[in-house]
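Down below is the structure, laid out as structure tokens.
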Amino acid sequence: MATDIENKKEKKEEEKYVRQTGSLKERLGRVKKTRWWRFGAVALIYVLWTIWMGNPLLLLGLLLLGDIYLTQFLPWGAWKGLENKTLKTIMSWVDAIVYALVLVYFLFLFVGQNYQIPSSSLEKSLLTGDFLWVNKVTYGPRVPQTPLHFPLAQNTLPILGCKSYIESPQLSYHRLKGLRNVERMDIVVFNFPAGDTVALKMPNPDYYTLCHERGRDVVRNNKEIFGDIIYRPVDRRDNYVKRCLGLPGETLQIKDGIVYVNGKAVPQPKNVQYFYYVATDGTPIEESLLDELGISYDDRHMVNGGYVLPLTADMKKTLEARNGVQYIQRIQPDEGETVITYPVGTDYGWTHANYGPIWIPKKGAKVDLTLQNLPLYERCIKNYEGNDLEVKGNQIYINGQVATSYTFKMDYYWMQGDNRDNSLDSRYWGFVPEDHIVGTPSIILISFDKDHRLFDGGIRWNRIFKMPNPDKK
110 MATDIENKKE KKEEEKYVRQ TGSLKERLGR VKKTRWWRFG AVALIYVLWT IWMGNPLLLL
170 GLLLLGDIYL TQFLPWGAWK GLENKTLKTI MSWVDAIVYA LVLVYFLFLF VGQNYQIPSS
230 SLEKSLLTGD FLWVNKVTYG PRVPQTPLHF PLAQNTLPIL GCKSYIESPQ LSYHRLKGLR
290 NVERMDIVVF NFPAGDTVAL KMPNPDYYTL CHERGRDVVR NNKEIFGDII YRPVDRRDNY
350 VKRCLGLPGE TLQIKDGIVY VNGKAVPQPK NVQYFYYVAT DGTPIEESLL DELGISYDDR
410 HMVNGGYVLP LTADMKKTLE ARNGVQYIQR IQPDEGETVI TYPVGTDYGW THANYGPIWI
470 PKKGAKVDLT LQNLPLYERC IKNYEGNDLE VKGNQIYING QVATSYTFKM DYYWMQGDNR
530 DNSLDSRYWG FVPEDHIVGT PSIILISFDK DHRLFDGGIR WNRIFKMPNP DKK
């Protein structure tokens with residue numbers, strides 16, 4: 110018995126020695142057909158990916174794949190020969206986890222990723238609690254600008270609370286070829302443009318609005334209130350989701366809540382919402398009806414014996430037909446307006462419902478710069494396109510030279526929510542640069558209603574696998 114065990118050990122040692130020795134020709138001669146097929150499949154995918162990336166130097170990675178699958182000059186599977194069963198089990202788990210993380214890393218970077226709707230800004234097109242699959246192939250995925258990051262976290266590791274990325278190296282912006290460009294009425298996921306600087310304890314409002322309201326020195330010198338002030342690279346900024354209403358080179362204006370582009374009204378989404386005052390005869394509206402309409406507890410406001418509710422046209426008709434409702438009246442645009450609009454710190458007299466006109470920058474297009482319009486484009490020129498900009502007296506200097514005009518390097522977009530009276534969007538923080546675009550939602554994976562227990566209405570079964578943007582044909 111002991112002899113058989115010793116013979117098996119010797120045979121394993123001999124096989125291990127044979128695998129790890131020999132010339133290239135000898136090693137290739139020992140490779141099984143199944144491993145050749147696996148290598149061929151992986152190599153084909155890798156070559157196609159290299160062509161998509163447009164960087165032939167990446168083909169050097171085939172040498173690494175060849176060693177992993179075929180030659181094994183490096184001891185990739187050395188842990189498989191461990192005698193200690195516990196250690197061998199641990200290493201097998203580590204091997205599987207590393208493999209899965211690498212696969213997820215490439216999937217999330219170049220194909221798509223999941224995204225959760227955190228707020229009501231797009232209701233009722235998308236609901237708070239919707240989990241979406243965001244397609245990155247449509248617009249073309251970005252080559253990672255911050256390549257060293259944990260693939261399952263955007264910028265902060267859960268539980269630990271520390272950064273989920275290493276800032277160096279930083280790569281320049283490059284987007285792979287996609288199926289098409291961003292179009293009007295697309296729902297778009299993007300990195301929050303004003304999220305380059307963040308007060309960690311006060312994420313809302315954004316840092317720049319916070320500094321305008323409280324004072325920059327106050328925000329920076331009160332860490333116990335506002336937390337650390339940090340900078341985040343473009344692709345590590347928080348993800349936002351809005352609807353694209355304005356395209357590069359267009360002039361946009363909002364009149365009484367209606368968006369106009371180049372003088373023509375943009376068709377409103379079917380589920381666009383506005384705030385209404387619902388007057389009743391004193392009879393409360395049933396909670397079950399409000400649940401059926403999809404109005405969350407956070408959006409149910411009692412005012413002067415009536416209700417202030419965000420409603421779509423269909424929801425308004427449903428309530429008008431209910432006994433006890435006396436009348437429903439739209440809350441007048443700008444009534445009680447307190448939020449600071451873009452550009453922060455400059456008062457053009459614009460509000461969330463009466464805004465502009467404003468020209469949206471386009472790649473290669475030139476704009477004449479004046480002290481009057483500079484605040485509209487200062488962030489684009491300075492923060493997004495990396496120029497040194499300052500004003501001396503009545504003159505504008507870009508990179509040390511007097512500038513009376515500027516030619517943009519990127520395309521920009523105007524994003525708004527469908528919940529028009531309750532959405533922090535481009536009206537408050539400005540344009541979305543093309544290098545901030547992540548992708549477009551292609552399907553709702555699952556949807557949870559935070560106002561109900563998981564198995565008591567907490568799962569919105571009717572939304573699973575639905576298209577997230579029925580307005581886009």
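The number in the numbering used here is simply the position in the sequence shown, starting from 1, with 109 added.
Yeah, the Cβ is synthetic: ideal placement off N, Cα and C, and Gly gets one too.
Problem - Beta-carbon gap between Pro302 and Lys471 smaller than 7 Å - result: Here residue 302 refers to the residue found at position 193 of the sequence shown. Here residue 471 refers to the residue found at position 362 of the sequence shown. No, these two residues do not count as a Cβ contact at 7 Å.
Practice task
Reducing DSSP to helix, strand and coil, say where Ile275 ends up.
Solution key: On the sequence shown, residue 275 is found 166 positions in, with the first residue counted as 1. The answer is coil: DSSP assigns Ile275 none of H, G, I, E or B.
Practice task
Would you mind stating whether Asn380 and Asp527 have Cβ atoms separated by less than 7 Å?
Solution key: Sequence index remark: in the sequence shown, residue 380 carries index 271 (1-based). Sequence index remark: in the sequence shown, residue 527 carries index 418 (1-based). Taking 7 Å as the Cβ cut-off, Asn380 and Asp527 qualify as a contacting pair.
Handout entry: Classification of Ala462 by the beta-carbon crowding that lies within 10 angstroms, buried from 16 upward
Key = As a first step, residue 462 must be located in the sequence shown, where it is residue number 353. Counting Cβ neighbours within 10 Å, Ala462 comes out buried, since at least 16 surround it.
Exercise for the section: Pull up the distance between the alpha-carbon of Tyr331 and that of Leu399, whole angstroms please. Expected result: Locating residue 331 in the sequence shown gives position 222, where the first residue counts as 1. Locating residue 399 in the sequence shown gives position 290, where the first residue counts as 1. Reading off the sequence, residue 331 comes out as Asn, not Tyr. It is roughly 42 Å from the alpha-carbon of Asn331 to the alpha-carbon of Leu399.
Practice task
State whether the region 532-546 contacts the region 300-318, with contact taken as three or more CB pairs (one from each stretch) at a distance under 8 Å.
Solution key: Enough Cβ pairs lie closer than 8 Å, so yes.
Exercise for the section: Tell whether a beta-carbon distance below 7 Å holds between Tyr383 and Arg529. Expected result: Stepping through the sequence shown from its first residue, residue 383 is reached at position 274. Stepping through the sequence shown from its first residue, residue 529 is reached at position 420. Judged by beta-carbon spacing, Arg529 lies within the 7 Å limit of Tyr383, meaning their Cβ atoms are closer than that value.
Handout entry: For Trp185, the three-state DSSP class (helix, strand or coil)
Key = Position 76 of the sequence shown, counted from the start, is the residue given in the question as residue 185. The answer is coil: DSSP assigns Trp185 none of H, G, I, E or B.
Problem - Cα-Cα separation between Tyr386 and Pro484, rounded to whole angstroms - result: Here residue 386 refers to the residue found at position 277 when the sequence shown is read from its first residue. Here residue 484 refers to the residue found at position 375 when the sequence shown is read from its first residue. Roughly 36 Å between the two C-alpha positions.
Exercise for the section: Could you say if the region 564-581 and the region 357-372 meet the contact criterion of at least three C-beta pairs nearer than 8 Å? Expected result: Cβ pair count under 8 Å is below three, so no.
Practice task
Give the straight-line distance between the Cα atoms of Ala474 and Ile206, rounded to the nearest whole angstrom.
Solution key: Translated into the one-based positions of the sequence shown, residue 474 becomes position 365. Translated into the one-based positions of the sequence shown, residue 206 becomes position 97. When rounded, the separation of the alpha-carbon atoms in Ala474 and Ile206 is 48 Å.
Exercise for the section: Tell me whether Ala303 sits in a helix, a strand or coil according to DSSP, three-state version. Expected result: The count along the sequence shown starts at 1 and reaches residue 303 at position 194. Secondary structure of Ala303 (DSSP, three-state): helix.
Exercise for the section: In angstroms with no decimal places, state the Cα-to-Cα distance between Leu250 and Gly186. Expected result: Residue 250 sits at position 141 when you count from the first residue of the sequence shown. Residue 186 sits at position 77 when you count from the first residue of the sequence shown. Inspection of the sequence shows that residue 250 is occupied by Pro rather than by Leu. Computed Cα separation, rounded: 33 Å.
Handout entry: Span of the beta strand (DSSP E) around Thr513
Key = Locating residue 513 in the sequence shown gives position 404, counting from the first residue. Where Thr513 is concerned, there is no enclosing beta strand (DSSP E), given that its DSSP letter is neither H nor E.
Practice task
State whether the region 244-260 contacts the region 270-289, with contact taken as three or more CB pairs (one from each stretch) at a distance under 8 Å.
Solution key: The region 244-260, when compared against the region 270-289, does touch it at the 8 Å Cβ threshold.
Practice task
Can you have a look at Arg346 and say buried or exposed, based on whether 16 or more other CB atoms are within 10 angstroms of its CB?
Solution key: Numbered from its first residue, the sequence shown carries residue 346 at position 237. By the neighbour-count criterion, in which a residue is buried when 16 or more other Cβ atoms sit within 10 angstroms of its Cβ, Arg346 is buried.
Practice task
Measure the C-alpha to C-alpha separation of Leu212 and Gly270 and round it to an integer number of angstroms.
Solution key: Taking the sequence shown and counting its residues from 1, the one referred to as residue 212 is at position 103. Taking the sequence shown and counting its residues from 1, the one referred to as residue 270 is at position 161. Distance between the alpha carbons of Leu212 and Gly270 is about 24 Å.
Practice task
Buried or exposed for Phe564, please, with buried defined as at least 16 other CB atoms from any protein chain shown within 10 angstroms of its CB.
Solution key: As a working mapping, residue 564 is identified with position 455 in the sequence shown. By the beta-carbon neighbour count (other beta carbons within 10 angstroms, threshold 16), Phe564 is exposed.
Practice task
Evaluate Tyr224 with the Cβ neighbour count: other Cβ atoms within 10 Å of its Cβ, from every protein chain shown; 16 or more gives buried, anything less gives exposed.
Solution key: Numbered from 1 along the sequence shown, position 115 holds the residue referred to as residue 224. With a threshold of 16 other beta carbon atoms within 10 Å, Tyr224 meets it and is buried.
Problem - Per DSSP, the bridge partner or partners of Thr360 - result: By one-based count along the sequence shown, residue 360 stands at place 251. Answer by DSSP bridge pairing, in chain order: Trp468.
Exercise for the section: Measure the Cβ-Cβ separation of Tyr506 and Leu478 and say whether it is below 7 Å. Expected result: Within the sequence shown, numbered from 1, the residue matching residue 506 stands at position 397. Within the sequence shown, numbered from 1, the residue matching residue 478 stands at position 369. It is not a contact, given that the beta carbons lie outside the stated cut-off.
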